[in-house]
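Residue numbers (the working numbering), protein chains in the order written: chain A, 622 to 975; chain R, 622 to 975; chain L, 622 to 975; chain Z, 622 to 975. One structure is given below, encoded as C-alpha cells.
Number of protein chains: 4
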Amino acid sequence: MVTMRANVFRDKGRFGIEEVPRPMAGVGEAVIRITLTTICGTDLHIVRGEYPVKSGLVIGHEPVGVIAELGAGVEGFAVGDRVLVGAITPCGQCAACLSGHWAQCGHGGGYEAVGGWRFGNTIDGAQAEYLRVPHAQANLARIPDDVSDEQVVLLADIASTGISGAESAPVRIGDAVVVFAQGPIGLCATAGARLMGAALVIGVDGDDARLAAAQRMGADVVLDHRATDVVAEVKRCTGGGADVAIEALGTQQTFESALRCVRAGGTVSSLGVYSGKLALPYDAFAAGLGDHRIVTTLCPGGKERMRRLIALVRSGRFDPLPLLTHRFALADIGEAYALFGERRDGVLKVAVTP
Amino acid sequence: MVTMRANVFRDKGRFGIEEVPRPMAGVGEAVIRITLTTICGTDLHIVRGEYPVKSGLVIGHEPVGVIAELGAGVEGFAVGDRVLVGAITPCGQCAACLSGHWAQCGHGGGYEAVGGWRFGNTIDGAQAEYLRVPHAQANLARIPDDVSDEQVVLLADIASTGISGAESAPVRIGDAVVVFAQGPIGLCATAGARLMGAALVIGVDGDDARLAAAQRMGADVVLDHRATDVVAEVKRCTGGGADVAIEALGTQQTFESALRCVRAGGTVSSLGVYSGKLALPYDAFAAGLGDHRIVTTLCPGGKERMRRLIALVRSGRFDPLPLLTHRFALADIGEAYALFGERRDGVLKVAVTP
Amino acid sequence: MVTMRANVFRDKGRFGIEEVPRPMAGVGEAVIRITLTTICGTDLHIVRGEYPVKSGLVIGHEPVGVIAELGAGVEGFAVGDRVLVGAITPCGQCAACLSGHWAQCGHGGGYEAVGGWRFGNTIDGAQAEYLRVPHAQANLARIPDDVSDEQVVLLADIASTGISGAESAPVRIGDAVVVFAQGPIGLCATAGARLMGAALVIGVDGDDARLAAAQRMGADVVLDHRATDVVAEVKRCTGGGADVAIEALGTQQTFESALRCVRAGGTVSSLGVYSGKLALPYDAFAAGLGDHRIVTTLCPGGKERMRRLIALVRSGRFDPLPLLTHRFALADIGEAYALFGERRDGVLKVAVTP
Amino acid sequence: MVTMRANVFRDKGRFGIEEVPRPMAGVGEAVIRITLTTICGTDLHIVRGEYPVKSGLVIGHEPVGVIAELGAGVEGFAVGDRVLVGAITPCGQCAACLSGHWAQCGHGGGYEAVGGWRFGNTIDGAQAEYLRVPHAQANLARIPDDVSDEQVVLLADIASTGISGAESAPVRIGDAVVVFAQGPIGLCATAGARLMGAALVIGVDGDDARLAAAQRMGADVVLDHRATDVVAEVKRCTGGGADVAIEALGTQQTFESALRCVRAGGTVSSLGVYSGKLALPYDAFAAGLGDHRIVTTLCPGGKERMRRLIALVRSGRFDPLPLLTHRFALADIGEAYALFGERRDGVLKVAVTP
C-alpha cells in the first residue's frame with residue numbers, strides 16, 4: 622500500500638501528522654498532489670471538538686496542487702496540471718446544484734444542507750500530501766503560469782466566502798456597507814464590498830492589527846467596538862443606516878449590531894457560523910415591517926468560481942497575499958495550529974507546504 | 622366648521638364614533654368621501670393599546686371612496702372619480718421611494734421605517750366619512766365601472782400584503798410553498814403563491830373554518846397544527862423541505878416552524894408583526910451556513926400597485942369577495958370591532974359603510 | 622451486434638425507420654428504452670434540410686422511457702425506473718452550467734452556444750427504440766406512478782420552452798402579456814404567463830383552431846392578425862403597451878410586432894428560432910432610450926427542471942394533454958411527419974410510440 | 622418682467638445666447654441659479670437639427686446651481702442650498718416611476734417613453750442663468766461643502782448613464798467586459814465596469830487620445846478598431862467571449878460587434894442613441910437560441926441617484942474631473958459648441974459657467 626503523510630483528527634485536542642493510505646481516483650474523481658494549503662477557523666473548531674467529524678479524518682479544505690491521477694470520465698485535464706480546488710465541491714448534477722444552490726449539493730440526489738462542504742468534513746481533506754477530489758470535472762480549476770500558489774490558496778475558502786458576503790447582499794454602486802469583524806473572512810468581505818462599488822465601507826473590529834488590515838483591504842472608515850458605540854456611529858456617518866451590513870464572525874452581538882445598523886429596506890448578509898440560539902430583536906427588526914432581508918451564504922465553490930477569483934487576482938483587482946502572514950512545513954502543522962489558534966504574532970492566515 | 626363622523630381612538634379600550642372636523646386638501650393632497658372601508662387586525666392592536674397611536678386619531682387604513690376635493694398640484698383626476706387608496710401611501714419623492722422601498726417612505730427626505738403607513742397611524746384614517754389623502758398624485762387609483770367597492774376594498778391592505786409574501790420570496794414556477802396561518806393575510810398569501818405558479822401550496826392553521834377557506838383560496842393541502850407535526854409533514858410531502866415558507870401571523874412558533882420547513886437555500890417570507898424577542902434557532906438556520914434567506918415585507922402601496930391588483934380582480938384571477946364575511950354601517954362600528962376581535966361567526970373581514 | 626429501429630436522417634427530404642446499432646452506456650451515461658416520444662418543429666427544419674445535422678443521425682429530442690442500462694458512476698437510479706429526459710441535457714460541470722447557463726453547456730469545459738441541445742442534433746436522438754443519455758446523473762427525471770407518459774412527454778421541450786418565455790421576462794403579478802404565435806410553444810407560453818400571475822394574457826395568431834386553443838390554455842383575449850391591427854389593439858387594451866411580449870415563432874414580423882407592443886421599460890421575451898437578418902426598428906426601440914429588454918431563452922433542461930414541470934402537471938396547474946392531438950406508432954413516423962409538417966387536421970403535437 | 626441670458630435653439634444651425642424671461646417656481650417646483658453646466662452630444666444633435674425640439678427652447682440638461690426659489694409643497698430645502706439636478710427628472714408619482722422605471726416617467730399618469738428627459742427637450746434647459754426644476758422634491762440633490770461644482774456636473778448625465786451601462790447588465794465580480802466607444806459616456810461605462818468588480822475591462826475606440834483616457838478610467842486592455850479585429854481579439858483574450866458588452870455610441874457597427882463579442886448567455890448593455898434601422902444579425906444572435914440579453918438604459922435621474930454618485934466622488938471611488946477638459950463662460954457658448962462638436966484639442970467635456 623502506498624502511503625502519504627497527512628494531518629489526522631483523532632479526538633478533541635488530538636490530531637497530528639500520520640502515515641495514511643494515499644488516495645486513488647475513482648470514476649469522475651481526481652487525485653492531486655498538494656503543493657500548498659492553509660488552516661481555517663473551522664479547522665480550529667474541529668480540533669477543539671466544537672464541530673464533530675469522525676475520528677481518523679484528514680482535515681483541511683483549502684487545496685492547491687498538481688494533478689497526480691485522473692479517474693474515468695474526467696476530460697480536458699492532464700496529469701501535471703496545476704490546479705486550485707474550492708473548499709466546497711459541488712457535483713453539479715443534483716437538484717440543489719441544478720437550482721443554482723451549489724453549496725447545498727446533494728451529490729447527485731436532492732438537497733443536503735452544507736452538503737457541498739466535503740473536504741475535511743465528510744471525506745479526507747487537504748492538509749496532506751495527496752487529496753482525492755470528488756466530482757473532479759466540476760472542481761479542478763487550472764492556475765495560469767503567471768499566478769503563484771500563494772496568490773490563490775486563500776481563494777479556496779476565505780476569499781470566496783468573504784466576497785460572497787458582498788455579492789449575496791448584493792452591494793450596489795454607491796452603497797454604504799459596514800462589515801462586522803475583520804478576521805480573514807471579514808477582511809475579504811471588506812475587499813468585496815469595495816470591489817462591487819460601495820461608496821463607503823466601514824470595518825468594525827476590536828483588534829488594532831485587524832483594524833489596520835481593514836484599511837489596507839479597502840475600508841474607508843474603521844470602528845473599534847471597544848471604544849465606539851458602533852451602531853450610533855454607523856447611523857451617523859451613513860445618514861440613517863447602512864444599505865448593507867455583513868456579519869463575518871457568528872456571534873449574537875455582531876449579528877444584532879449588524880441588524881441595528883441597516884436602514885429600513887436594508888440587508889444583513891451573514892457569513893458567520895453560529896452556535897446556540899440567535900435572537901432577532903424585534904425592535905431592530907422593525908417588528909417585521911421594515912422590509913429587511915437577512916441572507917446567509919456558504920462559501921461558493923466549483924471550478925468556475927475559482928476561475929473568476931483567479932481572474933481578479935491576475936488583473937490586480939484583489940490581492941490576498943497580505944493575509945498570508947506565516948509559513949510552515951506540513952511536518953510542523955501542530956505549531957501552525959498553535960500560532961493560528963492563539964492569534965499570536967498578528968497572524969491572519971498561515972501557508973502550509975507538504 | 623364642517624364636521625363629519627369618524628371612529629376616534631381615545632385610549633386603551635376607548636374608541637367610537639365622534640363628530641370631528643372634516644378634512645381639507647392641502648397642496649398635493651386630496652379629500653375623498655369614503656364609500657367603503659374595513660377593520661384590520663392592526664386596528665385591534667391599536668384599540669387594545671398594544672400599538673401606540675395618539676389619542677384623538679381617526680383610525681382605519683383601507684379606504685374606497687369618491688374624490689371630494691383636489692389640492693393644488695394634483696393632476697389627471699376629477700372630483701367625483703371613484704378611487705381606491707392603498708393602506709400605505711408613499712410620497713414617491715424621498716430617498717426610500719426613489720430606491721424602490723416605497724413602504725419605508727421618508728416623506729420627501731430619507732428613509733423612515735414603516736413611514737409609508739400613515740392612515741390611522743400618524744395621520745387621520747379611513748373609518749370616517751371623509752379622508753385626507755397625502756401625496757394624492759401617487760396614491761389615487763381609479764376604479765373601473767365594472768368593479769364594485771366590495772371587490773376592491775380588501776386590496777388596500779390584506780391582499781397587497783398577502784400577495785407580496787409570495788412576490789418577495791419570490792415564488793417560482795414549480796415551487797412547493799407552505800403558508801403559516803390562514804387569517805385574511807395568510808389566505809391572500811396562499812392565493813398569491815398559487816397565482817405565481819407554485820406547484821404545491823400547503824396551508825397551515827388550527828381553525829377548521831380557516832383551513833376550509835385555505836382550500837377555497839388555492840391551497841392544495843391543508844395541515845392542522847393541532848393534529849399534525851407540521852414540520853415533519855411538510856418535509857415529507859415536499860421531499861425534503863419547501864422552497865418557500867410564508868409567515869403570516871407574527872409569533873415565535875410560526876416563524877420558527879417556517880424556518881424549519883424550508884430546504885437548504887430556501888426562503889422564509891415574513892409578513893407577521895412581531896412583538897418581544899424573536900429567536901432564530903441556529904439548528905433550523907443550519908448554523909448560518911444553509912444559504913437561507915429571510916425577507917420581510919410591509920404592505921406595498923401606491924396607485925400603480927392598486928391598479929395591478931384591481932386588474933387581477935377584474936380578470937377573475939383573484940377574488941377577495943369570499944373574505945368579506947360581514948357587513949356593518951359606520952354607526953355600528955363598535956359592534957363590528959367586537960365581532961372581528963372575538964373572531965365570532967367565522968368572520969374573516971367586515972365591510973363598513975359610512 | 623444488437624440493433625434497434627430508429628428514425629434516421631439521411632439527406633434533405635430523406636429520412637425514415639432503419640435498423641441501427643442499439644446504444645450502450647459509457648461512464649456517466651444511461652440507456653433508456655423509449656416508451657413515448659414526439660416530433661418537434663425543429664425536426665421539420667432538419668428533415669427539410671433547413672437546419673444541418675450529419676447524415677445518419679437518429680433525430681428527435683423528446684424522450685420518455687424506462688432505464689435499460691446505467692453506466693459507471695450513475696447513482697440513485699435503477700434499471701426499470703420510468704424517466705423523462707429533457708430535450709436539453711446539461712452536464713452540470715462546465716463553466717456555463719456552473720454559471721447557471723445550463724442550456725449553453727460546454728460539456729465539462731467552457732461555454733458552447735446551444736451546446737445543451739445534443740439529442741438529434743449532435744448525438745443520436747429519441748425517435749428510436751433506445752436512447753443513450755449523456756450526463757445521466759443530471760438528466761434522468763423519475764416519473765411518479767400517478768402520472769402517465771402522455772402527460773409528461775411534452776414537458777421535455779415545448780412546455781419547458783414555452784413556460785420559460787414567461788419566466789425569463791419575468792412576468793410579474795398583474796402584468797399584461799401578449800404572446801405572438803399560438804403553436805405548441807406559444808400555447809405553453811400563454812399558459813406560462815397565466816401561471817405566473819399575469820392579469821391579462823393576449824394570444825395572437827392567424828389560425829382559428831390555434832386561437833381557440835389559446836383560449837383553452839389561458840388567454841383572456843385572442844387577436845387574429847389577419848383581421849386586427851394587433852399592435853394598436855394591444856396598446857388600446859393595455860392602456861399604452863404590454864409589460865411583456867413573448868415571441869414564439871421566429872419571424873421578423875412577430876419579433877417586430879412584439880417590440881412595438883411593449884411599453885417603455887417593457888420586455889420582449891424571445892423563444893423563436895430566427896433565420897436571416899433580424900431588424901430592430903429604432904423607432905419601436907425608442908432609439909435605444911426606452912429601457913427595453915430583449916431576452917432569449919433556449920429550452921431549460923436537466924432533471925430538476927423536469928421534476929418541477931412534472932410537479933405542475935401532477936397538481937393540475939398545467940395540463941399539456943390537449944396539445945397532444947394525434948398518435949402514431951414509430952413505424953408510421955413518416956406519416957406523422959407529413960401530418961405534422963402540413964399542419965393537417967388541427968394537429969398540434971403527435972405522440973409517437975416505439 | 623425679469624429676464625436672464627440663456628442659450629436658445631431657433632432652427633437647424635441657429636442657436637445662441639438670448640435675453641429671455643427668468644422662470645418662476647410653480648407648485649412643487651424650484652428655480653435654481655445655475656453655477657455650472659456643460660454640453661452633451663445630444664445637444665449637438667439638437668443644434669444640427671438631427672433631434673427635433675421646438676424653436677425657442679433653452680437647451681442643456683446638466684445643471685449645478687443654487688436654489689433661488691421654492692414653489693409651494695417643496696419641503697426640506699432652503700433658498701441658497703447648493704444642488705445638483707439630474708438630466709432626467711422623474712416625478713416619482715406616475716405608473717412608470719412607481720414601477721421603478723423612473724426614466725420613462727409619465728408625469729403623474731402612466732408611462733411616457735423617454736418622458737423623464739425634460740430639460741432642454743420638452744421644457745427649458747440648463748444652459749442659462751436660471752432653471753425651473755419640475756418635481757423639485759424628487760430632483761434636488763444637495764452638494765456637500767467638500768465637493769466642488771466641477772466634481773459633480775458630469776454626474777447629471779454622462780456618469781449616471783455610463784455607470785448604468787454596467788449596472789443594467791449587471792456586471793458581476795470576475796466578469797470580462799468590453800466597452801465599445803470611449804467618448805465621455807463610454808469612459809464612464811469603463812469606470813463603471815471596473816467599479817462593479819469586472820476582472821477584465823476592455824476599451825474599444827479608434828482615437829488615440831480616447832484610448833489613452835480609457836486606460837486612465839480603468840480599462841485593463843484597449844483595442845484600436847482601426848488596427849485590430851476587435852471581435853476576434855475579445856474572444857481570444859476572454860477565452861470565448863465577454864460576459865458583458867457595453868455599447869456607448871449608437872451605430873450598427875458597434876452594436877453588432879458588441880453582440881458578436883459576448884459569449885452564449887452574455888449580455889449586451891446598450892447606451893447609444895440609434896437612428897435608422899438596427900440589424901440584429903441572426904448568426905451573432907445564435908438564431909435566438911443563445912440565451913442572450915439585450916438591455917437598454919436611459920440615464921437614471923432623481924435626487925437619490927445623484928446622492929449616490931456624489932458619494933462615489935466624495936470617497937474617491939470615481940473621479941470625473943479628467944473628463945472636464947475645457948472651460949467656457951456662458952457668453953462664449955457658441956465657441957464651446959464649435960470646439961466640442963469638432964472634437965478639437967482632445968476635448969471630452971466642457972465646463973460652462975453662467
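All C-beta atoms, glycine included, are put in the ideal place defined by N, C-alpha and C.
Residues in the same chain with beta-carbon distance under 6 Å from His947 of chain A, minus the five sequence neighbours each way, listed in chain order, please. Position 326 of the first sequence, counted from the start, is the residue given in the question as residue 947 of chain A. Taken in chain order, the residues that qualify are Val968 and Val971.
- Task: For Met927 of chain L, go through chain R and note every residue whose CB falls closer than 8 Å to its CB, in chain order.
- Result: Residue mapping note: residue 927 of chain L aligns to position 306 of the third sequence, counting from 1. Within chain R, no residue comes near Met927 of chain L; the closest Cβ sits about 10 Å away, beyond 8 Å.
**Prompt:** Assuming Tyr732 of chain A and Met625 of chain A make a contact with CB atoms under 8 Å, what is their CB distance in whole Å?
**Reply:** Here residue 732 of chain A corresponds to residue number 111 of the first sequence, with the count starting at 1. Here residue 625 of chain A corresponds to residue number 4 of the first sequence, with the count starting at 1. Going by Cβ atoms, the distance from Tyr732 of chain A to Met625 of chain A rounds to 33 Å, so no, they are not a contact pair.
_Does Lys898 of chain Z pass the burial test, meaning 16 or more other C-beta atoms within 10 Å, or should it be called exposed?_
Here the question's residue 898 of chain Z lines up with position 277 in the fourth sequence. Lys898 of chain Z comes out exposed.
_Cutoff 8 Å; reference His913 of chain A; Cβ partners in own chain excluding five residues on either side_ = Translated into positions along the first sequence, residue 913 of chain A becomes position 292. Take His913 of chain A, set aside five residues on each side of it, and the residues of its chain with a beta-carbon closer than 8 Å to its own are Leu880, Val883, Ala885, Gly886, Gly887, Thr888, Val889, Phe906 and Ala907, in chain order.
*asked:* Mapping the DSSP letters down to three states, classify Phe698 of chain Z as helix, strand or coil.
replied: Position 77 of the fourth sequence, counting from 1, holds the residue named residue 698 of chain Z. Secondary structure of Phe698 of chain Z (DSSP, three-state): coil.
Any Cβ of chain R within less than 8 Å of the Cβ of Ile915 of chain A? Counting from 1 along the first sequence, the entry for residue 915 of chain A is found at position 294. Chain R contact via Cβ: present.
Would you report the Cα separation of Ala900 of chain Z and Val668 of chain L, rounded to the nearest angstrom?
Residue mapping note: residue 900 of chain Z aligns to position 279 of the fourth sequence, counting from 1. Residue mapping note: residue 668 of chain L aligns to position 47 of the third sequence, counting from 1. Distance between Ala900 of chain Z and Val668 of chain L, taken at the CA atoms: about 29 Å.
Practice problem: Taking the CB atoms as reference points, tell me whether Leu821 of chain A and Thr849 of chain A lie closer together than 8 Å. | Solution: Taking the first residue of the first sequence as position 1, residue 821 of chain A is located at position 200. Taking the first residue of the first sequence as position 1, residue 849 of chain A is located at position 228. Contact: no.
- Query: Which residues mark the beginning and the end of the beta strand (DSSP E) in which Thr974 of chain Z is found?
  - Reply: As a working note, residue 974 of chain Z is residue 353 in the fourth sequence. Element bounds for Thr974 of chain Z: Lys970 to Thr974.
_Contact with chain Z by Gly786 of chain R, beta-carbon distance below 8 Å_ = One-based indexing of the second sequence puts residue 786 of chain R at position 165. Gly786 of chain R does not count as touching chain Z.
Next on the checklist: Taking beta-carbon pairs under 9 Å, can you tell me which members of the region 671-696 of chain Z lie near chain R?
Outcome noted: Cβ contacts with chain R come from Gly692, Ala693, Gly694, Val695 and Glu696.
>> Please report the straight-line C-alpha distance between Ala708 of chain A and Gly922 of chain R, rounded to a whole angstrom.
In response: As a first step, residue 708 of chain A is located in the first sequence; it is residue number 87 there, counting from the start. As a first step, residue 922 of chain R is located in the second sequence; it is residue number 301 there, counting from the start. Roughly 44 Å separates the two Cα atoms.
**Q.** Beta-carbon contacts of Leu933 of chain Z that lie in its chain and below 8 Å, excluding the five residues immediately before and after
**A.** In the fourth sequence, the residue the question calls residue 933 of chain Z occupies position 312. Taken in chain order, the residues that qualify are Leu816 and Phe939.
Relative to chain A, which residues along the region 751-762 of chain L have a C-beta separation below 8 Å, given in chain order?
Listed by position, the residues of the region 751-762 of chain L near chain A (Cβ gap below 8 Å) are His756, Gln758 and Ala759.
List, in chain order, every chain Z residue whose beta-carbon is nearer than 7 Å to that of Cys718 of chain R. Here residue 718 of chain R refers to the residue found at position 97 when the second sequence is read from its first residue. By Cβ distance, chain Z contributes Gly713.
Item checked: Opening and closing residue of the beta strand (DSSP E) in which Arg703 of chain Z lies -> Residue mapping note: residue 703 of chain Z aligns to position 82 of the fourth sequence, counting from 1. Start and end: Arg703 to Leu705.
Item to check | For Gly795 of chain L and Ala812 of chain L, believed in contact at Cβ under 8 Å, the rounded distance | outcome: Working through the third sequence from its first residue, we reach residue 812 of chain L at position 191. Working through the third sequence from its first residue, we reach residue 795 of chain L at position 174. Rounded to the nearest angstrom, the Cβ distance from Ala812 of chain L to Gly795 of chain L is 18 Å, too far for a contact under 8 Å.
Report task. Closer than 7 Å by C-beta to Val695 of chain L: which residues in its own chain qualify, once you throw out the five before and the five after it? Chain order, please. Result -> Residue numbering aside, residue 695 of chain L sits at position 74 when the third sequence is read from its first letter. So the qualifying residues of the chain are Gly649, Ala651, Ala757 and Gln758.
Pick out whichever of Z:Ile688, Z:Arg703, Z:Asp770 and Z:Pro644 has its Cα sitting closest to the Cα of Val623 of chain Z. Here residue 623 of chain Z corresponds to residue number 2 of the fourth sequence, with the count starting at 1. By alpha-carbon distance to Val623 of chain Z, the top candidate from Z:Ile688, Z:Arg703, Z:Asp770 and Z:Pro644 is Z:Pro644.
Tyr958 of chain Z - DSSP class collapsed to helix/strand/coil: Here residue 958 of chain Z is taken as the residue at index 337 of the fourth sequence, counted from 1. DSSP places Tyr958 of chain Z in the helix class (H, G or I) of the three-state scheme.
Next item on the list: Give a yes or no on contact between the region 741-750 of chain L and the region 678-687 of chain L, applying the rule of three or more CB pairs nearer than 8 Å.
Entry: Yes: the two stretches touch, three or more of their Cβ pairs being nearer than 8 Å.
### Query
Excluding five sequence neighbours on each side, which residues of the same chain lie with their C-beta closer than 7 Å to the C-beta of Gln714 of chain Z?
Translated into positions along the fourth sequence, residue 714 of chain Z becomes position 93. Closer than 7 Å at the Cβ level, and outside the excluded window around Gln714 of chain Z, lie Gly729.
request  = Quick one: grab the DSSP three-state call for Phe939 of chain A.
outcome  = The residue given as residue 939 of chain A occupies position 318 in the first sequence. It is coil, neither helix nor strand.
(message) Considering Cα atoms alone, identify which of Z:Glu690, Z:Leu930 and Z:Ile764 is closest to Arg753 of chain Z.
(response) Sequence index remark: in the fourth sequence, residue 753 of chain Z carries index 132 (1-based). Check the Cα spacing between Arg753 of chain Z and each of Z:Glu690, Z:Leu930 and Z:Ile764: the tightest is with Z:Glu690.
query = In the structure shown, what three-state DSSP assignment does Met645 of chain Z receive?
reply = Within the fourth sequence, numbered from 1, the residue matching residue 645 of chain Z stands at position 24. Reduced to three states, the DSSP call for Met645 of chain Z is coil.
| message | Quick check on Lys898 of chain L: does DSSP put it in helix, strand or coil? | response | Within the third sequence, residue 898 of chain L is the residue found at index 277, counting from 1. When secondary structure is reduced to three states using DSSP, Lys898 of chain L falls in the strand class.
Check your understanding: For Asp1021 of chain R, which option in R:Val865, R:Ala814, R:Leu870 and R:Gly827 has the closest C-alpha, if you only look at C-alpha atoms?
Key -> No answer is possible for residue 1021 of chain R: the residues shown for chain R start at 622 and end at 975.
- prompt: Is the CB-CB distance between Ile806 of chain L and Gly783 of chain L below 8 Å?
  reply: As a working mapping, residue 806 of chain L is identified with position 185 in the third sequence. As a working mapping, residue 783 of chain L is identified with position 162 in the third sequence. Taking 8 Å as the cut-off, the beta carbon of Ile806 of chain L is found closer than this to the beta carbon of Gly783 of chain L.
Notebook entry, point to check: Identify the residues that DSSP records as bridge partners of Thr743 of chain Z: which are they?
Noted result: In the fourth sequence, the residue the question calls residue 743 of chain Z occupies position 122. Thr743 of chain Z has no beta-bridge partner at all, per DSSP.
_For Gly909 of chain R and Ser878 of chain A, which I take to be in contact (beta-carbon distance under 8 Å), what is that distance rounded to the nearest angstrom?_
Reading the second sequence from its first residue, position 288 is the one you call residue 909 of chain R. Reading the first sequence from its first residue, position 257 is the one you call residue 878 of chain A. Their Cβ separation, rounded to whole angstroms, is 15 Å, which puts Gly909 of chain R and Ser878 of chain A out of contact at 8 Å.
Going by C-alpha to C-alpha distance, which of Z:Arg631, Z:Val768, Z:Gly701 and Z:Ile779 sits closest to Gly662 of chain Z?
Looking up residue 662 of chain Z in the fourth sequence gives position 41. Closest by alpha carbon: Z:Ile779.
- Beta-carbon separation of Ala646 of chain L and Gly692 of chain L under 8 Å? The count along the third sequence starts at 1 and reaches residue 646 of chain L at position 25. The count along the third sequence starts at 1 and reaches residue 692 of chain L at position 71. In this structure, the beta-carbon distance from Ala646 of chain L to Gly692 of chain L falls below 8 Å.
Below 7 Å on C-beta distance, what does Thr710 of chain R contact in chain A?
Indexing the second sequence from 1 puts residue 710 of chain R at position 89. Ordered by position in chain A, no residue passes the 7 Å Cβ test against Thr710 of chain R, which lies about 15 Å from the chain.
Query raised in the report: When Cβ atoms are compared, which residues of the region 800-832 of chain R fall closer than 9 Å to chain L?
Result: Listed by position, the residues of the region 800-832 of chain R near chain L (Cβ gap below 9 Å) are Gly813, Arg815, Leu816, Met817, Gly818, Ala819, Ala820, Leu821 and Val822.
Q | Other residues of its chain near Ile767 of chain R: CB distance less than 8 Å, five sequence neighbours each side excluded | A | Sequence index remark: in the second sequence, residue 767 of chain R carries index 146 (1-based). It is Asp, not Ile, that sits at residue 767 of chain R in the sequence shown. Excluding residues within five positions, the ones whose Cβ falls inside 8 Å are Arg935.
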